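A.B. asks:
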Amino acid sequence: MNKKNKTLIIRIILLVGTIVSMFFVPWLLVKAWILPLPNTVQEQLDEAIGHGFDGMIVYVDQKSKPSQYYTAGWHNRELKIPAKPNALFKIASISKLYDAVAVTKLVGEKRLSLDKTIADYLPELVGKIENAEKITLRLMLQHRSGIPNFTDTPNFWATPTETYEESLALILNKPSNFKPGQDYEYCNTNYLLINKIMDNELGYENFRFIQEKILTPLNLNNTFSSLDKVNIDNVMSGYHQNHPFDLKEDEHGMLATAEDVGTFLRALNTGSLFEPGEQEIYSSIYKYEHAGWVPGYQSFAKYHKDIDAVIIEFYSTTDSKLYLWNVSEIINNRIVKILKKDTK
C-alpha cells in the first residue's frame, strides 16, 4: 500500500470516528458549543436558558469598570418570579475556599499545624481511618489523603446525611484509596474532618471565625452558614431534571449572593484578605478558584488575570449524568470570550 492510500485510509478512519462519536456526545453539548458567539453576556444567558437551565445569575467584577449583574430565567419557576441578581444561592464546594483561608489564619496564629495528623487532632479516629497517623492537615487540604469520599456512597444525594457523625460513618473502617501523598482525589471527607478540627480548636463553630476574620472585614453581609440563617424567599429555587420539586429547602451548607462571592474571590486573589505571611501559607495548600455542585445548584468562581476580571456563575438546574455541568462549562468559556472581545 502506497503512502497516498494510507493517508486516505487514515482520513476515512478519523472521519468515521468523528461521526460515530457524535452519536455518543449529547446533542445538547454540541449545540452549546457550535452556536455563533452572541454579542453580549446577556444574550449568552438568554441562550443558556434554552439549553435547559431554569435560572442563571452572573456577576462580573472587571477592574476599572462598574460591576455587572446579569440574570435569566426564574428565581422561582412555580411562582413565575424572574431571576434576581441579589438572590442567595447554595455555593456548595466553593465554601472550601473559605475553609482553606480559615485554616491559613489559624496556622498563621500558631493554633494549627499543617504537619500534624489526624491522629494528633482526632485521636478517636485512629484504627477507623486507615493511615490516620500519616495523613496531615496539609494532605487533607490538598485532597491527597487517600480517604474515601463520603458523598460517593451509592445514592448519597437521594438521602444525604445531616450531621458530622452520619457523614463520617459512611467511610469509617474502609480501606484508603491510595497511600497519603501518593495521588490526588477530590474528597469531601477531607473538609468534613478539617471543619471538625477547626471547631475543636476554636471551641465553637468555625463559621463564626470565618465571619470575624473574612466576612466582616470585607463587608460581606450576604454570606451565610446555612438555610436556618436566611429568609427562604431570598434563596433562588433549584431544580434537578426529572425531579418534580423545588430543592431550595434542602440543607447543603453555605449560601451567598454572587456579588459576595465575587468580592471574596477578588480579595483572595489580590491577597488583601491576608495578614503578612498568610498568603504564602495559603498558596502552599490550596487553589484560588473553585466550583460547586449540589442537587439543583451549580456554581463557579474564577479570576481571569488576563482581563483582570472575577466572574461568578450560578446555574439553578442539575442532572444526574452531569451533561448540564458540561454545558455550563461551555457557557462559562463563551462568557469569557465575549468579555475579552469587549476588552479589545
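Residue 91 is where the sequence shown starts when you use my numbering, and the numbers rise one by one after that. Built from N, CA and C at the ideal position, the CB exists for glycine as well. Nothing here was measured: the structure is a model prediction, and the numbers come from that model.
1. With distances taken between CB atoms, is the gap from residue 372 to residue 194 smaller than 8 Å?
2. Pick out whichever of 145, 170, 256 and 426 has its Cα sitting closest to the Cα of residue 394.
3. If we count the other Cβ atoms within 10 Å of its Cβ and call it buried at 16 or more, is residue 245 buried or exposed?
4. Identify every residue that forms a DSSP beta bridge with residue 338.
5. Would residue 260 and residue 251 be called neighbours here (beta carbons separated by less than 8 Å)?
6. Verify the CB distance criterion: does residue 373 have a CB-CB separation below 8 Å to chain E?
7. Can you give the Cα-Cα distance for residue 412 and residue 117, rounded to whole angstroms?
8. Give the C-beta separation of residue 229 and residue 175 to the nearest angstrom, bearing in mind that I take them to be a contact with Cβ-Cβ under 8 Å.
9. Unbroken beta strand (DSSP E) runs of length 3 or more, entirely within the stretch 339 to 387: which are they?
10. Apart from the five residues on each side of it in sequence, which residues of its chain come closer than 7 Å, Cβ to Cβ, to residue 107?
11. Just to confirm the assignment, what range does the alpha helix (DSSP H) spanning residue 254 have?
12. Once you ignore the five residues that flank residue 285 on each side, which residues in its own chain have a CB closer than 7 Å to its CB?
13. Could you pull out every residue in the same chain whose Cβ sits closer than 6 Å to the Cβ of residue 409, ignoring the five residues on either side in sequence?
14. Only counting the same chain, and skipping five residues up and downstream in sequence, which positions put a Cβ closer than 8 Å to that of residue 320?
15. Note the first and the last residue of the continuous alpha helix (DSSP H) segment covering residue 189.
16. So, at 6 Å on beta carbons, what are the nonlocal neighbours of residue 111 in its own chain, with the 5 sequence-adjacent residues on each side left out?
17. Give me the Cα-Cα distance between residue 368 and residue 198, rounded to the nearest whole angstrom.
18. CB-CB under 8 Å to residue 239, same chain, minus the five flanking residues each way: which ones, in chain order?
19. In the DSSP assignment, find the unbroken alpha helix (DSSP H) run with residue 279 in it and report its ends.
20. According to DSSP, is residue 271 part of a helix, a strand, or is it coil?
21. By the three-class DSSP mapping on this structure, what secondary structure does residue 397 have?
22. Could you give the DSSP three-state label for residue 111: helix, strand or coil?
23. Would you kindly work out how many angstroms separate the C-alpha atoms of residue 135 and residue 166, rounded to a whole number?
24. Mind checking who residue 162 pairs with in its DSSP beta bridge?
25. What separation, rounded to the nearest whole angstrom, lies between the Cα atoms of residue 443 and residue 327?
26. My output table needs one value for residue 172: the three-state DSSP class, helix, strand or coil.
27. Measure from the alpha carbon of residue 433 to the alpha carbon of each residue in 155, 366, 387 and 207, then state which is nearest.
28. What distance in whole Å lies between the Cβ atoms of residue 402 and residue 325, which are believed to be in contact at a cut-off of 8 Å?
29. Go ahead and label residue 114 buried or exposed: buried means 16 or more other beta carbons lie within 10 angstroms of its beta carbon, across all protein chains shown.
30. Name the DSSP beta bridge partners of residue 131, please?
31. When burial is assigned at 16 or more other CB atoms within 10 Å of the CB, is residue 424 buried or exposed?
32. For the alpha helix (DSSP H) containing residue 230, list its first residue and its last residue.
33. How big is the Cα-Cα spacing for residue 382 and residue 397?
34. Should residue 399 go down as buried or exposed, given a rule of 16 or more other Cβ atoms within 10 Å for buried?
C.D. replies: In brief:
1. yes
2. 426
3. exposed
4. Paired residues: none, contrary to the question.
5. yes
6. Absent from the structure is chain E; it holds one protein chain and no more.
7. 14 Å
8. In fact, because the Cβ distance is near 39 Å, the residues do not count as touching under 8 Å.
9. 380 to 384
10. Low local confidence applies: a pLDDT of 38 at residue 107 is under 50, so the model's placement there is unreliable, with the coordinate-based value given in what follows. So the list is empty, once near-sequence residues are dropped.
11. 254 to 259
12. 189 and 296
13. 331
14. 178, 314 and 345
15. 185 to 198
16. Low local confidence applies: a pLDDT of 37 at residue 111 is under 50, so the model's placement there is unreliable, and no value is given.
17. 6 Å
18. 261, 275, 276, 277, 278 and 279
19. 278 to 292
20. coil
21. helix
22. Low confidence applies here, because residue 111 scores a pLDDT of 37, under 50, leaving its location unreliable and the question unanswered by this model.
23. 17 Å
24. 146
25. Because the chain is modelled from 91 through 434, residue 443 falls outside the range shown and cannot be assessed.
26. strand
27. 155
28. Not a contact, Cβ separation roughly 16 Å.
29. Per-residue confidence for residue 114 stands at a pLDDT of 45, beneath the threshold of 50, marking its modelled position as unreliable; the derived number appears in the next sentence. By the 10 Å Cβ count, residue 114 comes out exposed.
30. Residue 131 is not bridged to any residue.
31. buried
32. 227 to 231
33. 23 Å
34. buried
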